[in-house]
Amino acid sequence: MPSRRLIEAFAVLAIAAAVSVLVPALRWVVVGADALLGVAFALDLRAARRSRLVAERRWPSFLAQGSGADVTIALTAADRRLTVELREGLNPALAPAPLRAFVEVRPGGASVWSYRIEPRRRGAHEQLPLSARIEGPWRLAWSQRDVLPAREVRVYPQIRWEGRAGRLLALAHRRQLGLSPTVLQGPGSEPYGVRRYTAGDPPNRIHWKATARHGHVMAREETWEKSARLVILLDCGRAMASLEGGRSKLDAALAAALALTRVASARGDRVLLIAFSDRIERLVRVRAGSRGIARAYSALYDLDARLAEPAYDVAAEAARDVEFRRAKVVVLTSLVDLSGADLLREALLALRRQHRPLLVHLEDPGIARLALGSPENAVEAFAKVSALEILLGNRRLAAQLRHSGIETVSSSADRLTLETLDIYLRSLRGRPAGGRPNAAARRSSSPTLEPMRPLRLTGLG
84 MPSRRLIEAF
94 AVLAIAAAVS
104 VLVPALRWVV
114 VGADALLGVA
124 FALDLRAARR
134 SRLVAERRWP
144 SFLAQGSGAD
154 VTIALTAADR
164 RLTVELREGL
174 NPALAPAPLR
184 AFVEVRPGGA
194 SVWSYRIEPR
204 RRGAHEQLPL
214 SARIEGPWRL
224 AWSQRDVLPA
234 REVRVYPQIR
244 WEGRAGRLLA
254 LAHRRQLGLS
264 PTVLQGPGSE
274 PYGVRRYTAG
284 DPPNRIHWKA
294 TARHGHVMAR
304 EETWEKSARL
314 VILLDCGRAM
324 ASLEGGRSKL
334 DAALAAALAL
344 TRVASARGDR
354 VLLIAFSDRI
364 ERLVRVRAGS
374 RGIARAYSAL
384 YDLDARLAEP
394 AYDVAAEAAR
404 DVEFRRAKVV
414 VLTSLVDLSG
424 ADLLREALLA
434 LRRQHRPLLV
444 HLEDPGIARL
454 ALGSPENAVE
464 AFAKVSALEI
474 LLGNRRLAAQ
484 LRHSGIETVS
494 SSADRLTLET
504 LDIYLRSLRG
514 RPAGGRPNAA
524 ARRSSSPTLE
534 PMRPLRLTGL
544 G
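Residue numbers for the sequence shown follow my numbering, so the first one is 84 and each next one is one higher.
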């Protein structure tokens, strides 16, 4: 393509051609100059096309939604000094617009262009080719080519948190979660051994076979259960597709579910993740260790919400069918209509027969704004009444579930991860029969933490 210098030269010749109408002697000069410029353009374009340019793009090892990352492009010229215009056609999920830069590349050395991106959407996205325009040695022509091919870029859910949630995940990364953040209280449920019966031991702890074998009364020694089972039901229905601040509800819920998976896996729990809408979308078993966590991220990073009503009964049935032993079931969802609340209540009550369900509800900021706003016309007044009914229905549902012994929590998107971790850690405390926390557990309503410096996680572990 012609350069700006060539266009300016032809503009001058056009003026000379206009003058040549009055001065006939200039006609042949203008014709010769046009031909000379045409030949010079062709030679310059040929030289630009033959110029060798080697490019290498260095991506960060891990891209997470909402976390900035630096990308570096190294350019090397083989024969002469090059003036190069680069165009990086970034996917809209990575940047709002393409990036451009002019780079001077000297032969025998590498020139570096660095830019920063902040991925906005999860999933697998196509990174467009890197285009380069190389200027000819006479600066009359540009030669355009793709110096790097297109490739796929994966953006994973959020992995870093500040504050208390970040400290909990840092402890999980260190594999010290069972020692530092929680205080286990109350009797255990897993057999540990037998010992001689002492005054004050409950009669139901007597081990009759050991008593007959030893000739004196023996009691069971029990400890807190290890390698417990956790099922996470992640709603991917219509309500989870709404956006707030560039992120969807599903983005926040998926990040919270994966953070909970990291914490539970660090304790040695067996975790099962079930994503559902009107059907079962994904089912992932997570093994203990960093490889299991990495597998969970790889299996769920591109999960999308479907514009369908969530089938809570299908999810509850899947949890009962897949997990036979008693487990904790954490349900992550968002309710925006009253009919969904009834279906959710029935599904949780059905789950309670076999498992211990815990409900984490993600609040809808749009409904909250409508409920708290001041209507200016009849339409806004009807919207406000509908929003208030939805909020009242959600509160009524929470009261009914707590009365049935099902723990619930409602949170905004920015606190969802911390609230999810809290409700799980609270469930680890000892509880007497009947499902109500004992006095010691009520006095300590939140997990305790050892003093430590906040750490930032740098990987999937």
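A virtual CB, placed ideally from N, CA and C, is assigned to each residue, including glycine.
- Query: For R514, which of helix, strand or coil comes out of DSSP?
  - Reply: With a pLDDT of only 44 at R514, under 50, the local geometry of the prediction cannot be trusted, and the value read off the model is given with reservation. Coil, per DSSP.
- Message: Looking at the secondary structure, which residues open and close the beta strand (DSSP E) in which D318 lies?
- Response: 312-318
- Please classify T503: is it buried, with 16 or more other beta-carbons within 10 angstroms of its beta-carbon, or exposed? buried
- Message: Taking the beta carbon of G518 as the centre, do at least 16 other beta carbons fall within 10 Å, making it buried, or is it exposed?
- Response: The pLDDT assigned to G518 is 40, lower than 50, so where the model puts this residue is not dependable, and the model offers no usable value.
- Please list, in chain order, all residues of the same chain as G544 whose beta carbon is under 6 Å from its beta carbon, the five residues on each side excluded. With a pLDDT of 32 at G544, under the threshold of 50, the modelled position of this residue cannot be trusted, and the question is left open.
- Query: If you scan the region 369-430 from start to end, which runs of the alpha helix (DSSP H) of 4 or more residues do you find wholly inside it?
  - Reply: 373-383, 395-405
- Helix, strand or coil: which one does DSSP assign to Q268? With a pLDDT of 47 at Q268, under the threshold of 50, the modelled position of that residue is not reliable, and no figure is offered here.
- Message: Beta-carbon within less than 6 Å of F359's beta-carbon, same chain only, minus the 5 sequence neighbours each way: which residues are those?
- Response: Within its own chain, the residues whose Cβ lies closer than 6 Å to the Cβ of F359, once the five positions on either side in sequence are excluded, are A398, listed in chain order.
- Task: Grab the span of the alpha helix (DSSP H) containing E91 for me, first residue to last.
- Result: 87-102
- Message: Once the 5 residues before and after E209 are set aside, which same chain residues still bring their CB inside 8 Å of it?
- Response: N174, A233, R234, E235, V236
- Query: How many whole angstroms separate the CB atoms of I357 and L316, which I take to be in contact at a CB cut-off of 8 Å?
  - Reply: 5 Å
- Item | Neighbourhood of P285 by C-beta, 7 Å cutoff - its chain only, sequence neighbours within 5 removed | By the criterion of a C-beta distance shorter than 7 Å, P285 is surrounded by no residue of its chain, once the five residues flanking it on both sides are discounted.
- Task: Return the Cβ separation of L426 and P440 in integer angstroms, given the expectation that the two are a contact with Cβ distance under 8 Å.
- Result: Incorrect: roughly 14 Å between the Cβ atoms, too far for contact.
- According to DSSP, is M84 helix, strand or coil? Assignment of M84 by DSSP, reduced to helix, strand and coil, places it in the coil class.
- Task: Kindly indicate the opening and closing residues of the beta strand (DSSP E) around F185.
- Result: 182-188
- Task: Return helix, strand or coil for S495, following the three-state DSSP convention.
- Result: Three-state DSSP puts S495 in coil, outside helix and strand.
- Query: Is E304 helix, strand or coil by DSSP?
  - Reply: In the structure shown, E304 sits in a strand (DSSP, three-state: E or B).
- Message: Contact defined as beta carbons within less than 8 Å: I believe E304 pairs with G276. What is the distance between those atoms, to the nearest angstrom?
- Response: 4 Å
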